[in-house]
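There are 2 protein chains.
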Amino acid sequence: MELSDRKKKILRAVIDNYIETAEPVGSKAIASGLGLSSATIRNEMAELKTMGYLEQPHTSAGRVPTPIGYRVYVNELMERHRMSVAETETINSGLRARMKQLDSLISDAGRLVSTLTSYPAYSMSSRSQKLTAKRFELVHVDDLTFIAVVILSDNTVKNRLIRLMSPLDENDLKRYSMLFNNSFTDKTEDMITPQLVMAAERVTGDENGVIMTVAGFLIEVLSDVQQTFVTGTSHLLSHPEFQDVDKARRVMNYLSDSGEMMKLPVPDQGKNVKITIGPENLAEELKDSSVVVAKYNVDENMQGLIGVVGPTRMDYSKVAAWLAYVANALGFMLSRNDTQFPGIGGRTDNDSIDNKED
Amino acid sequence: MELSDRKKKILRAVIDNYIETAEPVGSKAIASGLGLSSATIRNEMAELKTMGYLEQPHTSAGRVPTPIGYRVYVNELMERHRMSVAETETINSGLRARMKQLDSLISDAGRLVSTLTSYPAYSMSSRSQKLTAKRFELVHVDDLTFIAVVILSDNTVKNRLIRLMSPLDENDLKRYSMLFNNSFTDKTEDMITPQLVMAAERVTGDENGVIMTVAGFLIEVLSDVQQTFVTGTSHLLSHPEFQDVDKARRVMNYLSDSGEMMKLPVPDQGKNVKITIGPENLAEELKDSSVVVAKYNVDENMQGLIGVVGPTRMDYSKVAAWLAYVANALGFMLSRNDTQFPGIGGRTDNDSIDNKED
DNA sequence: TTTAGCACTCTCCTCTTCTGAGTGCCAACC
DNA sequence: GGTTGGCACTCAGAAGAGGAGAGTGCTAAA
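Here the protein sequences come in this chain order: A and B.
Note that the first sequence covers residues 1115 to 1472 in this note's numbering.
Note that the second sequence covers residues 1115 to 1472 in this note's numbering.
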């Protein structure tokens, strides 16, 4: 059951119009734009309705796209959004202004996307287990306290304040510091065995449990495989489809409850962007929202997602383009280990968008 | 115009009841509890109404407390909430579970409070200018890149990835590192003058701008006087007074827009907790919400606030007690520089609550 | 001073009516 | 045969009317 060219045009006009107005669109509204009479449009619309692409809130209302309609729109009908210079500049300046520490890059990017799109954004990164420590510093605070600073192989920095039972002077700390730099760097989480820790303890005659404690901290940060951030949930409230508080709350709670993040969509192999529409979402709470998510690759061992959640009536084209751009920039910054992002003027088209559902 | 004992009892009963049910309370509802007939209560209520402590949504509805009524309640009527063992244990375990790095202590505390109270929470800390650097580490990434790690006098750790124009080897980096540890530690922001930077540049013959860049980064973190975090705004939606999306959105936007934080209340000199009710709030957006905020002191040079925002119908007593407890713990952890919090079992009463409005 | 009683008020619910946007379908037209 | 104007029809939503019930204010009696 293939759509005629005219049907496609009409479907597209309906969706474009609906995205803009959030009101069911009547035949008159689009008749002028297509050079056809409203009666003709009505006939076509009726067929589109029986084919499942459009629906009516009630008999004598205008038409509203169904998720299937959106799907077709996203897959073949919508104009690829070509980003304007102003848009890229907005994003670039946002990136420059916010991205300061690698550690917070991922959450900052989410914040930026949420501000730009006016939808809630989520961002997460995950890595296969291969993170290692690259450098340790143990910084003296007082004789019972020091800070363990560890610089990881991805150039993020973690620290923990550690208190001891019995005192330790700065020289002791230097010794431990050297020990860690010698024995615990370049080791993945599973290489930090009790044997290794015990061996180190034997060498230093550690009575304070310093090694145990720091090693514990190290294992903790190395195994921290995944980070998730959600921002801007309150943006939902400004969209007419979330005027129902209960509906809004369900989605917002779902997003805040980051344990549930697992059910959010992920672009398929070889694709960078995925759009899931309404019931295509696995999570019950998102069955009448849409998700647009972009993937960024840092290296073979780390990748991440950045996405937004919004009503099914979403400007898919623009959101997808923006997300792809930000994801690209993020991958660039993370793999170069560089928070300076010069802008990637040339590549503003989003050719690799994966907008097929499966 | 002093309230009779009986009027106080009635006012208290009305407010207690209203806090619980969120419905206007009628005379019958509280008559039984006070051993008086509903008619008597009605007469008293009518007077409380003319006195401004109660109001009616409409002529034949029950009574609802006015902000002035809440004020009296908070100042003299409400029972001081004595925290149960279970409650302190809930908080303590929350503290233990989340508070891991000093850097994130403040935001983590906000998150905890929001979860505990089911209200949006905000937390902020500010210090007078006296922060200094305590230790520098410049960590080699590649010849064009290094990470500047600086440990500050409050034992938080900041880092920044820095790229250079021309290469620098590990030995150079060590030299710079020493230089910074010699010349830039224990200096407040205003002591880092262009002269100082230039002098340092002269010593090392720095052509890479390393000193300039790191000094800039240092000034940036030292002058980062204030941090603000808001979490859990979506909790608002579960309260009946925020079923109106517009109302909820106004408050949520206000809170997300952290630039506006300045208008949030602060406990008065010598007091630890402040409660502002409805129109007592300076911010227009909060004129019909209430804020409970607790102060914590770390040392003479740093203090912070942690507070929640909710409907005027709030369980002031409980919220104030919890906030005071968390603030206390936070001050304790920050001044001992210790993220281990053993629990402060003894001091569970909140004697120093400042519930007077001015 | 307290209480019982009663008329009264006002919200909320339901039911009805009305209006207008938009449809579906038919007959005429190109 | 596809396209169009015309017209009867439908239905949501607004506006209005009536009824029920909760709770009041006031008065008169205890």
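Backbone N, C-alpha and C fix where the C-beta goes; we use that ideal spot for every residue, glycine too.
Quick caveat: nothing in here was measured; it's all calculated off a predicted structure.
Starting from residue i, find everything on chain A with Cβ-Cβ shorter than 7 Å and list it in chain order.
| i | result |
| --- | --- |
| Ser1096(B) | Chain B is shown from 1115 up to 1472; residue 1096(B) falls before or after that span and cannot be answered. |
| Gln1357(B) | Val1359 |
| Asn1269(B) | Val1255, Ile1261, Leu1275 |
Report yes if the CB atom of residue i is closer than 7 Å to the CB atom of residue j, and no otherwise.
| i | j | result |
| --- | --- | --- |
| Val1422(A) | Ala1235(A) | yes |
| Leu1278(A) | Leu1258(A) | yes |
| Ala1145(B) | Ile1133(B) | no |
| Pro1379(B) | Lys1409(B) | no |
| Ser1267(A) | Asn1322(A) | no |
| Val1335(A) | Lys1244(A) | no |
| Asp1217(A) | Thr1270(A) | yes |
| Arg1185(A) | Val1139(A) | no |
| Pro1181(B) | Gly1392(B) | yes |
| Ile1276(A) | Thr1347(A) | no |
| Gly1445(B) | Asn1411(B) | yes |
| Ser1295(A) | Phe1260(A) | Checking the sequence, you will find Asn at residue 1295(A) rather than Ser. Their beta carbons are not under 7 Å apart, which means Asn1295(A) does not touch Phe1260(A) by this criterion. |
| Glu1169(B) | Lys1121(B) | no |
| Ala1313(B) | Ile1325(B) | no |
| Leu1226(B) | Arg1210(B) | no |
| Tyr1187(B) | Ile1129(B) | yes |
| Ala1362(A) | Lys1377(A) | no |
| Ile1333(A) | Ile1306(A) | yes |
| Asp1431(B) | His1195(B) | The residue you asked about is not Asp; residue 1431(B) is Ser in the sequence shown. Yes, the Cβ-Cβ distance between Ser1431(B) and His1195(B) is below 7 Å. |
| Ser1152(A) | Lys1142(A) | yes |
| Phe1343(B) | Ser1198(B) | no |
| Ser1404(A) | Met1428(A) | yes |
Applying a beta-carbon distance threshold of less than 8 Å, which residues of chain A neighbour residue i?
| i | result |
| --- | --- |
| Thr1347(B) | Thr1347, Ser1348 |
| Ser1370(B) | Gly1346, Ser1348 |
Provide the residue(s) that pair with residue i in DSSP beta bridges, ordered along the chain.
| i | result |
| --- | --- |
| Asn1273(A) | Val1263(A) |
| Lys1121(B) | DSSP, once it has assigned bridges, lists no residue as partnering Lys1121(B). |
| Asp1382(B) | In DSSP, Asp1382(B) forms no bridge with anything. |
| Gly1421(A) | Tyr1236(A), Val1407(A) |
| Arg1177(A) | Val1139(A) |
| His1349(B) | DSSP, once it has assigned bridges, lists no residue as partnering His1349(B). |
| Asp1256(A) | Thr1259(A) |
| Leu1168(B) | Pro1179(B) |
| Thr1342(B) | Met1238(B) |
| Ile1144(A) | Note: Ile1144(A) sits in no beta bridge, so no partner. |
| Glu1250(B) | The residue asked about is misnamed: residue 1250(B) is Phe in this sequence, not Glu. Answer is Val1264(B). |
| Met1416(B) | Arg1241(B), Asp1413(B) |
For a contact defined as C-beta to C-beta under 8 Å, what are the partners of residue i on chain B?
| i | result |
| --- | --- |
| Asp1452(A) | Thr1259, Leu1275, Arg1277 |
| Ile1420(A) | What Ile1420(A) touches in chain B: nothing, since even the nearest Cβ is about 19 Å away. |
Taking C-beta pairs closer than 7 Å, name the residues in chain B that residue i reaches, listed in chain order.
| i | result |
| --- | --- |
| Asn1367(A) | Ser1348 |
| Arg1249(A) | Val1253 |
For a contact meaning CB atoms closer than 9 Å, what does residue i contact in chain A?
| i | result |
| --- | --- |
| Val1324(B) | The premise fails here: Val1324(B) is roughly 15 Å from chain A at the closest Cβ pair, so nothing lies under 9 Å. |
| Asn1131(B) | Residues of chain A passing the Cβ test: none, with the nearest at roughly 24 Å. |
| Ile1182(B) | Near Ile1182(B) there are no residues of chain A at all, since even the closest Cβ is about 29 Å away, more than 9 Å. |
Which whole-angstrom value is the C-beta distance of residue i and residue j, which I expect to be below 8 Å?
| i | j | result |
| --- | --- | --- |
| Gln1340(B) | Ser1240(B) | 4 Å |
| Val1387(A) | Val1359(A) | So it is not a contact: roughly 31 Å between Cβ atoms. |
| His1353(B) | Pro1425(B) | 5 Å |
| Ala1223(A) | Ser1237(A) | 6 Å |
| Tyr1439(B) | Thr1202(B) | 7 Å |
| Tyr1368(B) | Glu1399(B) | 4 Å |
| Asp1402(B) | Ser1449(B) | Actually they are not in contact, since the Cβ atoms of Asp1402(B) and Ser1449(B) sit about 37 Å apart, beyond 8 Å. |
| Thr1390(A) | Lys1214(A) | Rounded, the Cβ-Cβ distance is 32 Å, inconsistent with contact. |
| Val1317(B) | Leu1293(B) | 7 Å |
| Leu1162(A) | Leu1219(A) | Actually they are not in contact, since the Cβ atoms of Leu1162(A) and Leu1219(A) sit about 44 Å apart, beyond 8 Å. |
I want to verify the contact list: residues of chain B whose CB lies under 9 Å from the CB of residue i, in sequence order.
| i | result |
| --- | --- |
| Gln1215(A) | Lys1272, Asn1273, Arg1274, Leu1275 |
Taking Cβ-Cβ distances below 9 Å as the criterion, which residues of the segment 1226–1241 of chain B are in contact with chain A?
none
For the segment 1311–1339 of chain B, enumerate the residues whose C-beta is nearer than 8 Å to any C-beta of chain A, in chain order.
none
Against chain A, which members of the segment 1187–1221 of chain B pass a CB distance test of less than 9 Å?
Lys1214, Gln1215, Leu1216, Asp1217
With 9 Å as the limit, tell me which residues of the segment 1135–1155 of chain B have their beta carbon closer than that to any beta carbon of chain A; keep them in chain order.
none
Determine which residues of the segment 1381–1401 of chain B have a Cβ less than 8 Å from any Cβ of chain A, and write them out in chain order.
none
Residues of the segment 1275–1307 of chain B in Cβ contact with chain A at a cutoff of 8 Å, in chain order, please.
Leu1275, Arg1277
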